[in-house]
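Chains as they are written, first to last, in the numbering used here: chain A, 1 to 407; chain B, 1 to 235.
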């Protein structure tokens, strides 16, 4: 340890003695570590952004049974809609379904004090809040009582509020008209913002108005068929079991007829992971090439340095240094070179990420992960060790007599 | 007990197909406190003898004892340990490290000692005083004259308080005036009780020693005892 510290201090002195040559050698390690830190930060930012988006739409725990339109004239034979009977069956037979949310969509014109806004309106039950991961900013959500009483109550998304209300106007307690019918506003949803490529990818969640399912069925559309039935499983591990249960149950209820499909986020998750891997491979590859070049540069410099210092090695050996002392001296010099390059690279990478966080505020800004800095730093040490290994072994094996004779 | 003893030591090199017998059955005893000169023309085996005395090399056959301990075939690590702790080297070309100042050059062997003197930081000033280089402690070798460089090299050889000072043509690169002061310094070190071995081809240098060993064709040509040398050398 003492040797290594002395070696690092000697190494620093050597680097300082040959400033320009050392600087040029360090550049590749610098670039490699800087790009590694930056790429990891960018990826982290991108992946976090995807994951947030993904989670905001229900994540892996959500299974959707979605109604499909029949396209041909065999509708009578083949087509079957999702009904409240399906909801009951799921509730009764699918024990891993923690929350069950039957939903009906329609596009409707909403109006308030002379302002109009065409918006998707959803008839939902209490569980929609949990299954589709919404949160309220004011008031309350749809309750069982609202459905039982066919109440004309509504919960508005922030886009609807923006379109229909003045700034600072009281929303909860006011009345909006949906398809001409008055609805009492009981709650407002949280505003969702997640910028990717300059777009708010969560805006869909803001463009929504919720009303009770029963009210939608009886008073607004006048028909009971559901648009979808969303289920939130107790845990992700139960996903495939729930899918099988739902498939069987629907098969039984619909006697083999089609008209619905089962949707999960698995495929999207897989795509996300694939993209993450390929991004990392490209970014990591660029960094790796740069680091490899950096390592070769250091090795080259060390070999040249040994040739210049054969006599010094001989003197040190004559004065009592053994192979290990010389080995440590040269490996420490290589580590000093790569460490300084790595440190500068890590600092630059961190600075770059800090800059990009402001510059890319509306497009998945990078996230500074301590891991990236630690990995970059460790890699630079590893490069020092690897590139210094051969030169250091060569130096340590020099015969002191030959080395002392060297001119 | 001799500080160093060679018993029937031979060193054979193979250069391609040719076998060179650089040393051939050398017997040699150097007692504690002796001042010995090893003389011989170029190619006599003098350098090989010095390499063996300095534990830079191992003999092909024969036995080497250091303070009674046999170390004929010790490995590189053991030899490095002996070099660091028991031998102080002084070279013709001074061999100071150009990037280190006088102080750090002098301290260099301390870092290679397995039992470094905890007082080395104080000791370095003592040895620099001894060779008269205290006021140059922060100079680099290129700021020193030849004689000053050799003084620093002597200080470096003394820092670990070795049993033997081994000097290879220590005045070879110096003018006669400077050479004399350096040799006086050796004589002074000898008076302080140190064992000094000087390898030289210069009879003038050898005249400072108390015993001369002539090497010729790999053999000790004319072994002389200290008493004989004392009788033969007019001082």
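Each residue gets a CB set at the ideal place from its N, CA and C atoms; glycine is no exception.
Query: According to DSSP, what are the bridge partners of residue 200(A)?; Result: 195(A)
Query: Could you tell me which uninterrupted alpha helix (DSSP H) segments, each at least 4 residues in length, are contained entirely in the region 292-340 of chain A, listed from first to last along the chain?; Result: 310-318
Query: By a C-beta neighbour count over all protein chains shown, 10 Å radius and 16 as the cutoff for buried, is residue 135(B) buried or exposed?; Result: exposed
Query: According to DSSP, is residue 77(B) helix, strand or coil?; Result: helix
Query: Compute the distance between the beta-carbons of residue 41(A) and residue 361(A), then report whether it is under 8 angstroms.; Result: no
Query: Is it a yes or a no for the region 169-182 of chain B touching the region 135-151 of chain B, going by three-plus beta-carbon pairs under 8 angstroms?; Result: yes
Query: Looking at chain B, is there any beta carbon in it that lies within less than 8 angstroms of the beta carbon of residue 319(A)?; Result: yes
Query: Which residue or residues does DSSP assign as beta-bridge partners of residue 70(B)?; Result: 65(B)
Query: With 16 other CB atoms within 10 Å as the buried threshold, where does residue 102(B) fall?; Result: buried
Query: What residue range is occupied by the uninterrupted beta strand (DSSP E) comprising residue 186(B)?; Result: Note, residue 186(B): premise wrong, no beta strand (DSSP E); alpha helix (DSSP H) at 176-191.
Query: Given a cut-off of 8 angstroms, decide if residue 215(A) and residue 152(A) are closer than it, judged by their beta-carbon atoms.; Result: yes
Query: Which residues of chain B have a Cβ atom closer than 9 angstroms to the Cβ of residue 315(A), listed in chain order?; Result: 89, 91, 95, 96, 97, 108
Query: What does a CB cutoff of less than 6 angstroms around residue 21(B) pick up in its chain, not counting 5 residues either side in sequence?; Result: 12, 218
Query: Does residue 262(B) pass the burial test, meaning 16 or more other C-beta atoms within 10 Å, or should it be called exposed?; Result: Only positions 1 to 235 of chain B appear in this structure, which leaves residue 262(B) out of reach.
Query: Please list the terminal residues of the continuous alpha helix (DSSP H) segment that includes residue 142(A).; Result: Residue 142(A) -> no alpha helix (DSSP H), and no H or E assigned at all.
Query: So, helix, strand or coil for residue 94(A), using DSSP?; Result: coil
Query: Just to make sure I have the definition right: I need the residues of chain A whose C-beta is within less than 7 angstroms of the C-beta of residue 13(B). Which are they?; Result: Correct list: empty, because the minimum Cβ distance to chain A is about 11 angstroms.
Query: Residue 369(A) by DSSP, collapsed to three states: which one?; Result: coil
Query: Using the Cα positions of residue 301(A) and residue 25(A), report the straight-line distance between them to the nearest angstrom.; Result: 7 angstroms
Query: Relative to chain A, which residues along the region 184-208 of chain B have a C-beta separation below 7 angstroms, given in chain order?; Result: none
Query: Does the distance from the CB of residue 104(A) to the CB of residue 231(A) come in under 8 angstroms?; Result: no
Query: Measuring straight from C-alpha to C-alpha, what distance separates residue 24(B) and residue 215(B)?; Result: 10 angstroms
Query: Out of curiosity, what's the CA-to-CA distance linking residue 154(B) and residue 22(A)?; Result: 34 angstroms
Query: Quick check on DSSP: helix, strand or coil for residue 396(A)?; Result: helix
Query: Could you check the C-alpha separation between residue 167(A) and residue 238(A) for me, to the nearest Å?; Result: 45 angstroms
Query: Does DSSP put residue 33(A) in a helix, a strand or coil?; Result: helix
Query: Nearest CA to the CA of residue 331(A): which residue from 272(A), 305(A), 159(A), 44(A)?; Result: 305(A)
Query: If I'm right that residue 376(A) touches residue 36(A) with Cβ under 8 angstroms, what's the distance once you round it to whole angstroms?; Result: 5 angstroms
Query: Can you grab the Cα-Cα spacing for the pair residue 369(A) / residue 396(A), in whole Å?; Result: 39 angstroms
Query: Is there a Cβ of chain A sitting closer than 8 angstroms to that of residue 128(B), yes or no?; Result: no
Query: Select from 385(A), 204(A), 286(A), 221(A) the residue whose C-alpha is nearest the C-alpha of residue 409(A).; Result: Outside the shown range of chain A, which is 1 to 407, sits residue 409(A), and nothing can be said about it.
Query: Touching or not, the region 180-187 of chain A and the region 119-133 of chain A, by the rule of three or more beta carbon pairs under 8 angstroms?; Result: no
Query: From residue 242(A) to residue 265(A), what does the alpha carbon distance come to, in whole angstroms?; Result: 14 angstroms
Query: With 16 other CB atoms within 10 Å as the buried threshold, where does residue 235(B) fall?; Result: The predicted position of residue 235(B) is uncertain, since its pLDDT is 44 and thus under 50; a value taken from the coordinates is nonetheless stated next. Answer is exposed; the Cβ neighbour count stays below 16.
Query: Can a CB atom of chain E be found closer than 8 angstroms to the CB of residue 312(A)?; Result: Here the protein chains are A and B, and chain E is not one of them.
Query: Please decide whether residue 53(B) counts as near chain A, where near means a Cβ-Cβ distance under 8 angstroms.; Result: no
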